[in-house]
Amino acid sequence: MWMRALRAGGMCDFDPLNASIPATKVEITVSCVNILLSFNCVVSLFFTVCVLYTQGMGNKEWREFGRTEVIDNTLNPDFVRKFILDYFFEERQNLRFDFRSEKALGGIQGKKCGTIIVKAEELNNCRESVMMQFCGNKLDKKDFFGKSDPFLVFYRSNEDGTFTICHKTEVVKNTLNPVWQAFKIPVRALCNGDYDRTIKVEVYDWDRDGSHDFIGEFSTSYRELSRGQSQFNVYEVSVCVTLLSFLVDIEVTFLDYIKGGPYQLNAYAMALKAVGEIIQDYDSDKMFPALGFGAKLPPDGRISHEFALNGNPQNPYCAGIDGVMEAYYQSLKSVQLYGPTNFSPVINHVARYAASVKDGSQYFVLLIITDGVISDMAQTKESIVNASCLPMSIIIVGVGPAEFDAMIELDGDEVRISSRGRYAERDIVQFVPFRDYIDRTGNHILSMARLAKDVLAEIPDQFLSYMRTRGIKPSPAPPPYTPPGQPLQTQI
């Protein structure tokens with residue numbers, strides 16, 4: 050299976066010149082119908098598990114991404130455990146689903162071996178979780194020699210009228226009045242942030258051979274459940290199930306600790322500080338415009354690929370690298386990081402400044418720090434070719450584990466970059482992956498020093514190539530300072 054850009058109405062090909070669909074997280078649900086065991090197997094007790102493999106972009110190696118829970122004794126497993134993947138519309142993401150069983154799976158040439166159902170849904174950016182507990186009362190007696198062994202199965206509705214399993218409780222043995230353990234479930238798993246989405250709950254009597262007996266079902270919604278223990282949450286259809294408790298919690302993420310103080314140097318901050326603290330000494334006023342790209346901005350959630358980190362689009366300048374760092378951390382508190390990864394808007398932004406100053410009095414260095422695979426490759430190449438005749442250089446630092454193969458093409462050390470038949474006038478791009486400079490002993494200062502040394506190594510030659518091709522000579526040095534009252538001395 051492979052994933053591509055999904056739009057309303059079906060599947061479409063990715064157009065690199067008109068890319069607009071952001072990277073997001075996708076939840077994949079897997080179920081099977083009529084799995085065929087080997088023809089010489091006698092169906093008795095067995096188990097099934099699904100293992101998902103993803104394929105690397107470079108070496109095409111298959112790697113295990115995760116696996117579902119094990120389901121016993123059924124030819125129609127409906128797996129509760131989901132696979133949550135980062136979905137990048139600009140990449141072809143190959144997926145492989147392997148099914149393993151204690152008994153050998155399927156096997157007769159030309160005969161259907163069963164049906165695999167794979168559902169994918171884009172996940173809402175909902176960070177709430179809910180802790181719930183239910184009990185049952187006077188359930189139907191299903192076991193001949195005992196009472197019942199009841200459990201609950203929760204499903205969320207889909208637009209096509211189907212349902213996706215999202216939780217299964219434990220089995221409470223031999224009772225008609227069960228009290229199930231409290232369980233915690235992300236709200237996006239329960240209803241994906243849609244509080245009025247139908248939630249169906251089925252009640253079963255567990256049987257060892259997997260042929261669980263249906264007791265009854267009821268429907269509700271997150272909004273109804275959020276009323277807590279009340280008459281609204283006592284469900285009597287063919288069963289009586291009562292909500293005992295409902296408690297909402299906000300999931301804390303790694304980013305929350307970055308947003309809060311004291312500030313810790315993440316990979317972005319280390320790259321910014323390493324390069325910025327050196328290059329700022331070549332700037333006379335040490336005022337730097339700092340732009341972000343790939344985020345939803347308050348208050349309306351507008352997606353932007355060129356916004357001021359300090360929140361002031363009329364004056365995006367920050368005082369020194371410390372000011373840039375402060376603006377970066379503050380922006381994390383107000384924006385929602387969001388794809389895709391577009392470089393061309395910020396390159397064009399700096400190019401507009403550089404195009405207005407061609408007399409050699411100013412030279413611009415654009416530092417781009419990114420953790421994403423580039424989305425607007427065609428536009429970025431065009432922007433770099435256009436900027437190659439301007440007094441500017443571009444440093445790109447890639448952080449994180451992403452495949453940065455495309456960035457090598459932008460760094461024209463081996464082959465000069467081109468766009469639509471036009472070649473760059475000169476090489477103005479330097480790319481390095483930050484992971485290559487991380488000190489294995491955890492010495493961040495050493496990591497930053499190594500990074501700064503390499504990323505800045507090409508700047509002097511790029512600067513000189515512009516000045517020489519334009520015939521721009523250095524300004525004459527000012528005469529040496531002579532203290533008042535002393536005669537001028539001329540050296541012949």
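Under our numbering, the residues of the sequence shown are numbered 50 to 541, in order. For each residue, glycine too, the CB sits at the ideal point set by N, CA and C.
8 Å CB neighbourhood of Ile327 in its chain, flanking five on each side removed: Sequence-distant Cβ neighbours of Ile327 in its own chain, meaning closer than 8 Å and more than five residues away, are Ala501, Leu505.
Interface flag, Val202 vs chain B, CB-CB below 9 Å: Looking at the structure shown, chain B is missing, and only one protein chain is on hand.
Residue closest to Gly491, alpha-carbon to alpha-carbon, out of Phe146, Ile443, Met319: In this structure, Met319 is the residue among Phe146, Ile443, Met319 with its C-alpha nearest to the C-alpha of Gly491.
With DSSP as the reference, label His216 as helix, strand or coil. It is a strand residue.
Let me know if Met181 comes out buried or exposed under the rule of 16 or more other beta-carbons within 10 Å of its beta-carbon. Counting the other CB atoms within 10 Å of its CB gives Met181 a total of 16 or more, which places it among the buried residues.
For Val481 and Gln540, the rounded distance between their alpha carbons: Unreliable positioning characterises Gln540 in this predicted model, as indicated by a pLDDT of 39, which lies under 50. The coordinate reading is nonetheless provided below. Cα to Cα, the separation comes out at about 48 Å.
Which whole-angstrom value describes the C-beta separation of Val129 and Lys217, a residue pair presumed to lie in contact below a C-beta threshold of 8 Å? That pair is a contact at about 5 Å.
Chain-order list of residues whose beta-carbon lies under 8 Å from that of Tyr402 (same chain, five-residue window excluded): Excluding sequence neighbours, Tyr402 sits near Phe413.
Taking the straight line between their C-alpha atoms, what separation do you get for Leu321 and Arg237? Between Leu321 and Arg237, the alpha-carbon positions lie close to 35 Å from each other.
Among Gln379, Gly449, Lys407, Ile477, which residue has its Cα nearest to the Cα of Leu416? Comparing Cα-Cα distances from Leu416 to each of Gln379, Gly449, Lys407, Ile477, the minimum goes to Ile477.
Report all residues from its chain with a CB closer than 8 Å to the CB of Glu273; omit the five preceding and five following residues, and keep chain order. Excluding residues within five positions, the ones whose Cβ falls inside 8 Å are Phe281, Asn282.
Three-state secondary structure assigned by DSSP to Pro362: Three-state result, Pro362: coil.
Boundaries of the beta strand (DSSP E) in which Asp346 is found, first to last residue: Checking the displayed sequence, the identity of residue 346 turns out to be Leu instead of Asp. Residue range 344–346 is occupied by the beta strand (DSSP E) that includes Leu346.
Give the secondary structure of Ala169 by DSSP, where H, G and I count as helix, E and B as strand, and everything else as coil. It is a strand residue.
Could you check how far apart the C-beta atoms of Val434 and Ala455 are, in whole angstroms? I think they sit under 8 Å. Not really, about 16 Å apart at Cβ, beyond 8 Å.
The beta strand (DSSP E) that contains Gly447, what's its start and end? Residues 441–447.
Under the rule that 16 or more other beta-carbon atoms within 10 Å means buried, what is Leu188, buried or exposed? With 16 or more neighbouring CB atoms inside 10 Å of its own CB, Leu188 falls in the buried class.
In the DSSP assignment, what residue or residues form a beta bridge with Met336? According to DSSP, which records beta bridges pairwise, Met336 is partnered with Ala368.
Assign Val446 to one of two classes, buried (16 or more other C-beta atoms within 10 Å of its C-beta) or exposed (fewer than that). Under this definition Val446 is a buried residue.
By how many angstroms is the C-alpha of Gly360 removed from the C-alpha of Phe342? Each residue's Cα considered, the two are about 13 Å apart.
Inspect the CB distances between the stretch 224–242 and the stretch 191–205 and report whether three or more fall short of 8 Å. Under the three-pair Cβ rule at 8 Å, the stretch 224–242 counts as touching the stretch 191–205.
Determine the DSSP secondary structure at Ser496, reduced to helix, strand or coil. Note: Ser496 maps to helix in three-state DSSP.
Comparing alpha-carbon positions, which option in Ala436, Val373, Cys99 lies nearest Arg145? Ranking Ala436, Val373, Cys99 by Cα distance to Arg145 puts Cys99 first.
Identify every residue that forms a DSSP beta bridge with Pro199. For Pro199, which the question treats as bridged, DSSP gives the partners Asp254.
Extent of the continuous alpha helix (DSSP H) to which Lys233 belongs: For Lys233, no alpha helix (DSSP H) segment is defined; the enclosing uninterrupted segment is the beta strand (DSSP E) at 232–235.
Tell me the DSSP secondary structure of Lys522 in three-state form. Reduced to three states, the DSSP call for Lys522 is coil.
Under 9 Å between the Cβ atoms of Ile494 and Ala436? Taking C-beta atoms as the reference points, Ile494 and Ala436 fail to come closer than 9 Å.
Thinking just about the alpha-carbon of each residue, which of Glu219, Glu208, Trp255, Gln230 is nearest to the one in Asp245? Checked all of Glu219, Glu208, Trp255, Gln230; the closest Cα to Asp245 is Glu208.
Using beta-carbon positions only, say whether Gly105 and Arg112 come within less than 9 Å of one another. At the C-beta level, Gly105 and Arg112 come within 9 Å of one another.
Other residues of its chain near Cys240: CB distance less than 6 Å, five sequence neighbours each side excluded: Arg205, Arg246, Tyr271, listed in sequence order.
Leaving out five residues before and five after Ser432 in sequence, what residues of the same chain have Cβ atoms less than 8 Å from its Cβ? Closer than 8 Å at the Cβ level, and outside the excluded window around Ser432, lie Phe392, Ser393, Ile396, Asn397, Ala400.
Just list the residues that DSSP pairs Asp121 with in beta bridges. Answer is Phe96, bridged to Asp121.
Contacts around Thr123, its chain only, beta-carbon distance under 7 Å, and the 5 residues preceding and following it disregarded: Within the same chain, Thr123 has close Cβ partners Gly259.
Excluding the 5 residues flanking Phe232 on each side, which residues of the same chain have their C-beta closer than 8 Å to its C-beta? Answer for Phe232: Met180, Met181, Gln182, His216, Thr218, listed in chain order.
Backbone CA spacing between Gly195 and Tyr102 [nearest angstrom]: The alpha-carbon atoms of Gly195 and Tyr102 are separated by roughly 43 Å.
Can you check DSSP and say which residues form a bridge with Pro482? Beta-bridge analysis with DSSP links Pro482 to Gly447.
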